[in-house]
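Undergrad:
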Amino acid sequence: MSTTGHFQTRARAIDHLGRGQIADCPTAVTELFKNAHDAYARNVRLHLFDGNPRFGAIFDDGNGMSLEEVMTKWLVVGTESKLESDVPRSERFGLAERTKLGEKGIGRLSAGFLAPVTLLVTRKKQSKFVAVLVDWRLFENPFLLVTDIEIPIEEFTTIDELRGVFKRLSEQSVTNLDGSGVGSPKEKQRIKDAWSAWARNEKSNGNSNPSAAIRSLAGLKVEFASACEHWTGCESPEFHGTGLFMIQLNHEQPGAVKLRGLAPGPVFTS
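In structure tokens, the structure reads:
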């Protein structure tokens, strides 16, 4: 008797492709800058913000993404590589065609090297903002499949709404710990068991329960308003671009991320 099978991917594969493939902080930041270049940004800036939590933000004025593009491109690992840009002429804003710098479709995973939580905020011209929250710590659980993790996404109209959007997305992300975002009781129980198994494994190694830090995400108060003051034009109806917020810099990565050594400011201007 013959049959067929297919590969299944553990959630931890995303962690390996992201942090595991990045040598250091400058490399990670460079990968994110490449994304701005490929989006036909004229300007991209890195800003660092002290406080509790500390966070960084990379702002660009590229073409941004729609909800559909976030779903079919940004959340798809290993998207097709092309030597030349496939961005329509109407979304290049008068710039000459650019050779793509991002080649492997995993550059966006670099954000997980810099901080455990990423908030992507993006907008195409004359469209709504789209926010995506990724807690990379969820992908460290060796007992989960990548399809077990739900990534919360929300559309909104003005940048002033970002604080409330982050709160809702955070609360939704935390539901990954109890499986309440999935359908069947059997699946919910399997996910609960996966988190219990990881907690036992970490305890046996003398570590704290990993879900505790993840659960605290819903209580974070990030100063988005002051940060967005540096995102030129983001309050305009004609605005287009992407902001990548890297929340809790250095968290649980002592010595690995030394963003203080990088000078914030313009990376390139076309």
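If you read the sequence shown in my numbering, its first letter stands for residue 1, the second for the next number, and so on.
C-beta atoms are modelled at their ideal positions from N, C-alpha and C, and glycine is treated no differently.
Quick check on this structure: which residue in A218, L177, D38 and L244 has the alpha carbon closest to the alpha carbon of E97?
TA: D38
Undergrad: Could you check where the alpha helix (DSSP H) with V121 kicks off and where it finishes?
TA: No alpha helix (DSSP H) contains V121, which is instead part of the beta strand (DSSP E) from V117 to R123.
Undergrad: Determine the DSSP secondary structure at I151, reduced to helix, strand or coil.
TA: In the structure shown, I151 adopts coil according to DSSP, grouped into three states.
Undergrad: Taking H230 and H47 to be in contact with their CB atoms under 8 Å, please state how far apart those CB atoms are, rounded to whole angstroms.
TA: 5 Å
Undergrad: Is L244 helix, strand or coil by DSSP?
TA: strand
Undergrad: Measure the Cβ-Cβ separation of V134 and I151 and say whether it is below 7 Å.
TA: yes
Undergrad: Tell me whether N207 is buried or exposed, calling it buried when 16 or more other Cβ atoms sit within 10 Å of its Cβ.
TA: N207 should be labelled exposed.
Undergrad: Alpha carbon to alpha carbon, what distance is there between L114 and V76?
TA: Taking the straight line joining both Cα atoms gives about 20 Å.
Undergrad: Leaving aside the five residues before and after R108 along the sequence, list all residues of the same chain whose C-beta is less than 7 Å from its C-beta, in chain order.
TA: Spatial neighbours of R108 in its own chain (CB-CB distance under 7 Å, excluding positions within 5 residues in sequence) are listed in chain order as N35 and W74.
Undergrad: For V29 and M1, what's the separation of their Cα atoms in angstroms?
TA: 52 Å
Undergrad: Using the beta-carbon count (16 or more within 10 Å), is S170 buried or exposed?
TA: buried
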